[in-house]
Every structure is written in structure tokens, then in C-alpha cells.
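With the numbering used here, letter number 282 in the first sequence gets 292, and the count goes up by one each step, no holes.
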Amino acid sequence: MNYESVMKLALERAFYFPSCEVYGDAQAGFWEYGPTGVSVKNKFLELWRRELVRRDRMLEIDGSQIMSKSVFEASGHLGNFADPIIKCKKCGLTFRADKLISEIANVEIPESADLEDFDKMIQEKNIVCTKCKGEFDSAKKFNMMFRVGIGPEDVEAYLRPETCQSIFVDFPRLFKTMRGKLPLGIAQVGKSFRNEIAPRQSLLRLREFYQAEIEVFCNPGKLNDLEKFSEIENTTLRIQISDDIQVMTCKEAVEKGVIPNKFVAYYLGLLTEFYEKTGIDMEKSRFRKLGEKEKAFYADVAFDFEVNTTIGWLELVACNYRSDYDLSSHAKKSKEKFEVMDNDEKVLPHVFEISMGIDRSLYTILEHSLREDKENERMVLSIKPYLAPTHVGVLSLVKKDGLLEKTDEIYRLIRTKFDSFLDHSGAIGRRYRRLDEIGAPFAITVDHQTKEDNTVTIRRRDDMAQNRVNISELESILAKETAYP
RNA sequence: GCAGUCAUAGUAUAGCCUGGUUAGUAUUCGGGGUUUCCAACCCUGUGACGCGGGUUCGAAUCCCGCUGACUGCACCA
């Protein structure tokens, strides 16, 4: 299905919609999840916890969204994350100062230079606006981080631009108190904030967005010494290095040198197994190895997990080998010790990061799951039952003859165990269609026969087939059918 | 941030050019009836001109500003 149809579904069925929409000054890049969206998000995260966090015995934390200035001085975000910009006094057009100077005067000034250096060069070389020949105002820093002022003194702090910094700064305590052993994964789900210049396409480029990040701390000397590699060595990966996508197992990828070591391959394998279970069409996915220029400023080796959608390839996960960039920066700035013991060896761990964009993942799941069933004139969200916002609809065929009461009784029986939706009103076909659209995999219908033999029909969303079961079997059937894989 | 296009019920749209009755239609949604296993039908009801200003006797309609959406460019640690 395409972006337009997903958007329509999202608005009509409250998966997600614009934030503050009743006010005229609502800003771009902020979206809310409605009840259906929240339900899918929660289930997606539960799957993530099962397939990554618990499977690999990672530790999950929940850190602050507002973090002190020092954190971002150490992380490099205050330097690298800010672009020097100049604005034309006459027409208001804004330029990247370093890029414009390099283009016009052919002088390279590093983007982290003092602002005066840019002003000086612009005066010296007499650089004017390329559009209207107007003069430039003095250079300013545009930082992608949202600054906040703490307390009456307005102390400088920032909304985190990525969740992982709390993982790094919490690492020493967690390693000690949780009896840590390398390799150790620490995970976190939460919001991050980036003041994007041009937010766009609803959930795909947000100013406030969810990340599920995992940082795996490891001994850099033991990247091929990983017993659990055998668990995923036969999992197939789709890897794009230059132009074409190559399909190979994790084992082959390491042997051929496509992936530098077993450690990285292991986590790409886990990630593949996870996404397969979300129902995303993996034939449309790839791990793209990033070139030198594309990589983040902290990354040694980087693979992006991307999925093809109707609006192009979307980056869902960034996998970066960050080496000891973060821990050594925080150690230096904070003067705390970040080295740990790995058996008899004292090491400053290296970090491999799996940084997942949740909002984009949810969009992709919706796009890949939504289909139009022309034969039966319906839109069906064929989402995996364990991710469905509603597991089961509970319907009365008719309201009279005591069927309504009987239906309510069944609803009460299962409502705390499954996400259930009770519906008595209108034609039965319409109620089935409504459930199809929000992806409810099952519908239970109470009819006249129910009163005679205590059986109901269960209708399946995908093929519309129905079979009759006893009410006493309902719970075990639904539990089995909606269970996580 | 730049350029172009656009903004009317939950959703999709008509009306705007050429200002003037109660803003039309489809669908959705609520209540009632009838039928009952796949969007049937009948009755009934709720629901909209993005925000702010200007022109005018009068603005959904014309003008200006803002905000947002879409597309392209730039950006995307």
C-alpha cells in the first residue's frame, strides 16, 4: 500500500495524527499516537524486548530526557551537531557559512571554528548573498539540539538528541551493580529530540521521536571470540556494499570479510530475525554499508538497515561500531573511570550500537501490512496477530433474543486477557470490515446456536473463514493464536 | 531553510475565477426500525470554511501575514 492510504488509515482510525491540531500555531514535526497506534507501538516494543533485550540478556534502563551540558560537550554534539549559519540581511536567505566560504572564496574553515573567523573571512573576501547581493548578518550557530533552561537561574541543558548518552554515562554504575560481564548490552526506549530544519512525512522525520537503542559493550580484542555466534550463523542477511544486494548467511559474511567480525555479524543477525517477525517484507530490506563520508562522526563501521517503501528506502536502524569514542570522551570530561575488568584484563570497552527508529518502523509495518481486498471490497491490515491493536472483536449477530447479554458475558470473560472490542451495532458485515481495517485478526460472533450448545463462530481476518468452537475453548485458542512467536 | 502547489465535517470532495438565501454531495459516526454471517434498506440526528488581520453594507470566495500539508532542492550527527 502507499503513503496516502496509510495516512488515511492513520487519521481515520487514530493510529497517529498531528499534534496540537486545533491551534493555528501548531508546529511541524510533532505527531501523536492515538489508541490504536499506542497499542501497536507497545506490542512492537514487547517483541523488541523479547527478541533482542531478553534473548541476549541485556539490561534495560530508562534515562532522563533532559541532560546536562557536559554530557553533550563530551559526546561532541555541542561541537559537531551545530552548523555555522549566516543570514542575508536583505532577503533573509540562510546559508551554511563554511560551505559558502568554501564555494566562493575557496577557503576551508572547519565548521567548529569560532564564529568570528567566519565573519572575518566574509568581510575579507567581500562575500555577499548569492541571490540578492545583500550583506550578511554575523554568523550564528544553529544547533539541532533543543536547549532548555533549568530552574530560576536558567542553567543550560539540552533535550537529548539520541537516547544512548544515558547508557554511556550510566555504564560504570550498571556494570558494577548488575554484575556486568563483557560483552554487555544495555538497552533503552524513549524519546529523543532534534530541531530538524525540514520535518516531513508524518512519522518519518519528526522533531520529537522514539528510539529503541542498544549499546553493546565489548572487549575490542575479542570480536571474533563469541560462542553464541553459532545461534545465528545460518541466518541470512541481505547486504548491499556497492550497487547490488548480496544474500548470504552471517557465517559467510564474516568469512568473506563483508562484515568485519563475528560480533557485528551476530547483532545484524539478531536484528534480521527480529524484523522478520514484525511482518515487514524482508525481500524489500537491506543492510547498507556506509561509506566514509556518510558515516556519523563517531562511527568506525556503519550499516544502515533500510526498507523499501512506496516513498523510497527508509532507514529504520543505524548500526554503528562506535569504538571507545563515547566512553573515552566521557572518561576524559568527567574524570571518572570507565575501564572494567574482562577476566584478568583491564579494558576500556568498545561499543556497537543498534539504534532503532520506532516511528519509522511502525510506519513501515503499517505500509507493508495494509492491503486492499478488491474482491470483498475491504481494506485489510494484515498485521501479525501479536502486533494487532485489537486482538479480537466480540460481536452479537443480533441484539435481541438474549444474544446481546450472552455476548457481553463472553466479552467480560476475555477482556482482561486480550485486547478485545465489543460491538453490537449495525450490520454484521460492516462490523467485520471495521475490524479488518484496524487489523483485528479474529472476530467472535454470538448467534442463535450459541444459546443451544454454547458455541460461537471465530472469523479469521485474512481469509474471512469461520469455524465454530465451544466458549470454553476460546481462551486457549486466542492465547495460542495471538502469542508472540 | 528555498521554490512550486495546496488548505472546507472523522475521511474524500463541490462551491472560490465572477463576494450576497439555511455551504452541497459521498462516506463515516450516534439513536431508532427491519433483516441477519460479510460495507443491504428505511427513519432520524451530530458534524466543516486552518489561524490572525485587511478591503467591503456584506468574505469560504478578493488582499496581506502566520501556520500546516504535499513535491523538488538543501539538510538528515
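Just so it is clear, CB atoms sit at the ideal spot from N, CA and C, and this is done for glycine as well. As the structure is a computational prediction, the values presented were derived from the model and not from experiment.
Please state the DSSP three-state secondary structure of residue i.
{"i": "Asn52", "result": "helix"}
{"i": "Cys30", "result": "coil"}
{"i": "Ile71", "result": "strand"}
{"i": "Val274", "result": "helix"}
{"i": "Val344", "result": "In the sequence as displayed, the identity of residue 344 is Ser instead of Val. In the structure shown, Ser344 sits in a helix (DSSP, three-state: H, G or I)."}
{"i": "Thr467", "result": "strand"}
{"i": "Gln250", "result": "strand"}
{"i": "Phe146", "result": "strand"}
{"i": "Thr320", "result": "coil"}
{"i": "Ala263", "result": "helix"}
{"i": "Gln175", "result": "helix"}
{"i": "Phe128", "result": "helix"}
{"i": "Asp472", "result": "coil"}
{"i": "Thr187", "result": "helix"}
{"i": "His434", "result": "coil"}
{"i": "Met11", "result": "coil"}
{"i": "Phe152", "result": "strand"}
{"i": "Tyr285", "result": "helix"}
{"i": "Ser392", "result": "coil"}
{"i": "Tyr43", "result": "strand"}
{"i": "Val199", "result": "strand"}
{"i": "Asp180", "result": "helix"}
{"i": "Tyr494", "result": "coil"}
{"i": "Tyr220", "result": "strand"}
{"i": "Leu376", "result": "helix"}
{"i": "Phe239", "result": "helix"}
For residue i, count neighbouring Cβ atoms within 10 angstroms of its own Cβ and tell me buried if that reaches 16, exposed if not.
{"i": "Phe25", "result": "buried"}
{"i": "His378", "result": "buried"}
{"i": "Glu163", "result": "exposed"}
{"i": "Gln459", "result": "exposed"}
{"i": "Gly34", "result": "exposed"}
{"i": "Pro182", "result": "buried"}
{"i": "Arg170", "result": "buried"}
{"i": "Ile76", "result": "exposed"}
{"i": "Pro45", "result": "exposed"}
{"i": "Gly441", "result": "The identity of residue 441 in the sequence shown is Arg, whereas the question assumes Gly. Flag for Arg441 reads buried."}
{"i": "Glu223", "result": "buried"}
{"i": "Thr320", "result": "exposed"}
{"i": "Ser295", "result": "buried"}
{"i": "Thr426", "result": "exposed"}
{"i": "Glu387", "result": "exposed"}
{"i": "Asp124", "result": "exposed"}
{"i": "Ser148", "result": "exposed"}
{"i": "Cys30", "result": "exposed"}
{"i": "Gln133", "result": "exposed"}
If residue i and residue j are in contact, beta carbons under 8 Å, what's the gap, nearest whole angstrom?
{"i": "Gln221", "j": "Thr173", "result": "5 Å"}
{"i": "Glu218", "j": "Lys201", "result": "6 Å"}
{"i": "Phe313", "j": "Leu278", "result": "6 Å"}
{"i": "Leu326", "j": "Thr374", "result": "6 Å"}
{"i": "Val456", "j": "Leu413", "result": "5 Å"}
{"i": "Ile438", "j": "Ile468", "result": "No, Ile438 and Ile468 are not in contact; Cβ-Cβ is about 14 Å, not under 8 Å."}
Taking the Cβ atom as the reference point for each residue, do residue i and residue j lie within a distance shorter than 8 Å?
{"i": "Met155", "j": "Tyr168", "result": "yes"}
{"i": "Ser435", "j": "Val402", "result": "no"}
{"i": "Ile420", "j": "Val404", "result": "yes"}
{"i": "Leu233", "j": "Asp352", "result": "no"}
{"i": "Tyr308", "j": "Leu57", "result": "no"}
{"i": "Leu216", "j": "Trp41", "result": "yes"}
{"i": "Ile137", "j": "Ile111", "result": "yes"}
{"i": "Leu445", "j": "Lys51", "result": "no"}
{"i": "Glu349", "j": "Leu19", "result": "no"}
{"i": "Met292", "j": "Glu286", "result": "yes"}
{"i": "Thr288", "j": "Phe452", "result": "no"}
{"i": "Ile242", "j": "Leu280", "result": "yes"}
{"i": "Ile454", "j": "Thr465", "result": "no"}
{"i": "Glu485", "j": "Ile424", "result": "yes"}
{"i": "Gly39", "j": "Pro209", "result": "yes"}
Are there three or more Cβ pairs, one per stretch, closer than 8 Å when the stretch 359–368 is compared with the stretch 398–417?
-> No, the stretch 359–368 does not touch the stretch 398–417.
The stretch 382–397 / the stretch 470–481 touching (three or more Cβ pairs under 8 Å) | The stretch 470–481 and the stretch 382–397 touch, with three or more beta-carbon pairs separated by less than 8 Å.
Answer yes if the stretch 266–286 comes into contact with the stretch 328–336, meaning at least three C-beta pairs across the two stretches below 8 Å, and no otherwise.
-> Verdict: yes, contact present.
Spell out a yes or no on whether the stretch 64–79 and the stretch 173–185 are touching, meaning 3 or more CB-CB pairs, one atom from each, closer than 8 Å.
-> In this structure the stretch 64–79 lies against the stretch 173–185, because at least three pairs of beta carbons, one per stretch, are closer than 8 Å.
So, do the stretch 289–305 and the stretch 81–94 have three or more beta carbon pairs nearer to each other than 8 Å?
-> With the cut-off at 8 Å, the stretch 289–305 and the stretch 81–94 do not touch.
Three-pair Cβ contact test at 8 Å for the stretch 334–344 versus the stretch 251–262 | No, they do not touch.
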